[in-house]
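Report on one structure; see the data block that follows.
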Amino acid sequence: VLFLNAPCTTKATSTWEKIKSGIELFAEVIVGKQLRTSTVNRGIQVIGAGFPRTGTKSIEKALTMQGHYIYDLRSTLQHNHQDRWVKAGREWKEKKETTELESLVRDIEELGFTATLDTPGYMLATPIAKIRPNAKVLLSVRDSPEVWFRSFRFIIELLDIVFFCRPWKWVVGDIYDFTCTMFDIIGDDMPPPEPLEYPQHLSRPVPWYETIHTHTVKNFEEPLISTYLSHQKELIKEVPAKNVLVFNVKQGWEPWIHFFEIDPQDPMVLEDFPHVNERKTLLTVRSILSVIGMIWPFLLVGLISLIVKMLLGLVNLVRKATKSKVKTTKSKVKTT
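Here my numbering is used: the first residue of the sequence shown is 6, the next is one more, and so on.
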């Protein structure tokens, strides 16, 4: 396994880029769509094996700069692959078979994707690596399991507003159930997740808007860390070492250059390694979502009022035009 202790070369991007990245994170959960950046069908070349909150958004940016087309949760939702992932996961977990997964990977490749990353692909990174033995496996990690859990807890508590609170839970549908089902498949000793419900965990100041007063993810630290470590251990054991890079985004481009055989003078790697998805940015976007969630009925009423006003204005214009035409016709008749 290639794990180089390179110095940190990561640098924050501009304020606008930070905000844009944060908005994109929430948009991908709510909308579930991703723009294609590559038109060449090369098959799956990179398998992202790292858990969420291990720098996967920065890694996505770097892979995109290399010309890869990324398959992740957005793509899963966009192509309605949720049930197929669940079936493939259970088949692997219970029988160590990959029939459904092989079919799914072929379909993903036919859509033009060249890399898998984040949920749900990382959950089945080991069998995908067996299906595509020539692909490079990118196992992203944090400084320690405890550091990872704190970051994971942060993002879960941040996203809980989307999964459990009105009005956003009316928009995202069954994303939470899908991710929990997949996590239950890969987790050996994971207790069933505890949904956040009103009034035990949620406050409802108005009928259309809810906030969270009690989170439950803190109760899962030990099993989550255990799953995080066992996932890494299994992958390192099962996948040839030459195909695996254990990577911390703090290392920057140096291990990336060696692993992906990139020219050190390539303009891409002469710049700082991408750094996106920062805490302050996400907190800002969370605040924006909260404000929108509180006032959306008023925005909707305002929009409807504007549309009605425009329609009434159009009707009045038509009436005036019709009256003018009638007057002109009567005038012509009188003249005749």
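The beta-carbon is built from N, C-alpha and C at its ideal position, and this holds for glycine as well.
Can you tell me the Cα-Cα spacing of residue i and residue j, whole angstroms?
i    : j    : result
L60  : P245 : Correcting the residue type first, residue 60 is Gly in the shown sequence and not Leu. Their backbone Cα atoms lie some 23 Å apart in a straight line.
E227 : I190 : 17 Å
R158 : S80  : 24 Å
R147 : L275 : 24 Å
V177 : T334 : 58 Å
R155 : T104 : 36 Å
P125 : I52  : 11 Å
R324 : I312 : 18 Å
L240 : A140 : 14 Å
W261 : Y214 : 45 Å
N248 : K242 : 12 Å
N321 : S336 : 22 Å
E266 : F168 : 40 Å
Y127 : E99  : 18 Å
K174 : F56  : 24 Å
A326 : K332 : 10 Å
K328 : T216 : 55 Å
V349 : T232 : What is shown of the chain runs 6 to 341, which leaves residue 349 out entirely.
L288 : G192 : 29 Å
L319 : L78  : 44 Å
K101 : S149 : 30 Å
What three-state label does DSSP hand residue i in the structure shown?
i    : result
F252 : strand
F168 : helix
K141 : strand
P302 : helix
G55  : coil
V152 : helix
T124 : coil
T119 : coil
Y74  : coil
T131 : helix
From which residue to which residue does the beta strand (DSSP E) around residue i run?
i    : result
Y214 : Y214 to I217
L207 : L207 to V211
Could you say which of the options lies nearest to residue i if we only look at CA atoms?
i    : options                   : result
V142 : S329, G94 and Q50         : Q50
I113 : N139, S149 and N85        : N85
I136 : W97, W173, I230 and L250  : W97
L82  : W213, T221, F169 and I180 : I180
T221 : L163, L106, Q256 and K62  : L163
E107 : A134, Y127, Q87 and E99   : A134
I161 : K66, S149, V254 and R58   : R58
L144 : T184, L317 and L250       : L250
A54  : R291, S310 and K238       : K238
R111 : A130, G48, C170 and E102  : G48
L68  : L317, L294, M273 and L288 : M273
Starting from residue i, follow the alpha helix (DSSP H) in both directions and report where the run begins and ends.
i    : result
G94  : Q87 to K100
E226 : E226 to E243
E199 : Unbroken run through E199: none, as it is neither H nor E.
E259 : E259 to F265
A246 : Premise fails: A246 is in no alpha helix (DSSP H) and is neither H nor E.
T186 : I180 to I191
W175 : K174 to V177
V222 : Unbroken run through V222: none, as it is neither H nor E.
V146 : Taken as a continuous stretch (DSSP letters only), V146 belongs to no alpha helix (DSSP H), as it is neither H nor E.
P272 : P272 to L275
Legend entry - Given 8 Å, three or more beta-carbon pairs between the region 298-313 and the region 277-290: Segments in contact, no.
Inset, instruction - Evaluate contact between the region 70-78 and the region 108-119, counting only Cβ atoms and requiring at least three cross-stretch pairs below 8 Å. - result: Yes, the region 70-78 touches the region 108-119.
Inset, instruction - Report yes or no: do three or more beta-carbon pairs, one from the region 208-220 and one from the region 120-140, lie closer than 8 Å? - result: No, they do not touch.
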